[in-house]
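In my numbering, the protein residues as written are 651 to 782. Report on the structure given below.
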C-alpha cells in the first residue's frame, strides 16, 4: 500500500474517532440528565449535573478536538492513533472489569463495550497500517 493511502486511512480513522468523541461530548453537554438516566446515574443536584457535563462532555469534546488536530498533521498521526487506542482500550478494560465485578452485563453495557473494543481495534489497525 502506498504511503499516501496509509496516511489517508489514518486520517480517516482519527477523524471518525474524533467525531464519535464529539458526539458523546455534545450529548452530555446538551442532555446531561437524559444520558445519565440511560445508565442509571442519579443526578440529585445541579452540582452533580455540572460535574457530569463538565467531566464527560468537556473531556470528550477536548479529546475530539485533539484527535481532529492530530488528523491534520502527518507527524501527529501516529501519536493520535495511539491515544485513540489507549482511550478506547482503557475504557473497554475498565468497563469489562466493572461488569465482571458487579455481575452486571445488560444490553446497553454490552453494546458500549463492543463499541469501545471495535474503536480500539480500528485504531490499532490504522496504526499498524501507518507503520508499514
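Where a beta carbon is used, it is the ideal one built from N, C-alpha and C, also for glycine. Fair warning: this is a prediction, and the values are worked out from it, not measured in the lab.
Inset, instruction - Compute the Euclidean distance between the alpha carbons of residue 660 and residue 776, then round it to the nearest angstrom. - result: A direct Cα-to-Cα measurement between residue 660 and residue 776 gives close to 5 angstroms.
Legend entry - Assumed close pair residue 678, residue 714 - CB separation to whole angstroms, cut-off 8 angstroms: Between residue 678 and residue 714 a beta carbon distance of about 12 angstroms is seen, past the 8 angstroms cut, so the two are scored as non-contacting.
Inset, instruction - Can you grab the Cα-Cα spacing for the pair residue 654 / residue 781, in whole Å? - result: Their Cα atoms are separated by approximately 12 angstroms.
Inset, instruction - Go ahead and label residue 766 buried or exposed: buried means 16 or more other beta carbons lie within 10 angstroms of its beta carbon, across all protein chains shown. - result: By the 10 Å Cβ count, residue 766 comes out buried.
Inset, instruction - Could you tell me whether the Cβ atoms of residue 668 and residue 717 are closer together than 8 angstroms? - result: Yes. Within cutoff.
Legend entry - Sequence-distant residues of its chain with Cβ nearer than 8 angstroms to residue 758 (five each side left out): Taking C-beta separations shorter than 8 angstroms and ignoring five residues to either side along the sequence, the partners of residue 758 in its chain run 688 and 689, following chain order.
Inset, instruction - Let me know the secondary structure DSSP gives residue 703 once reduced to three states. - result: Residue state, collapsed to three classes: helix.
Legend entry - Selection from 731, 750, 701 and 744 that minimises the alpha carbon distance to residue 657: Of 731, 750, 701 and 744, the residue nearest in Cα terms is 731.
Legend entry - DSSP three-state assignment for residue 735, whether helix, strand or coil: Note: residue 735 maps to helix in three-state DSSP.
Inset, instruction - Grab the span of the alpha helix (DSSP H) containing residue 693 for me, first residue to last. - result: Looking at the DSSP string, residue 693 is not in any alpha helix (DSSP H), and its letter there is neither H nor E.
Inset, instruction - Give the secondary structure of residue 753 by DSSP, where H, G and I count as helix, E and B as strand, and everything else as coil. - result: Judged by DSSP in its simplified three-state form, residue 753 adopts coil rather than helix or strand.
Inset, instruction - Helix, strand or coil for residue 760, going by three-state DSSP, please let me know. - result: Reduced to three states, the DSSP call for residue 760 is helix.
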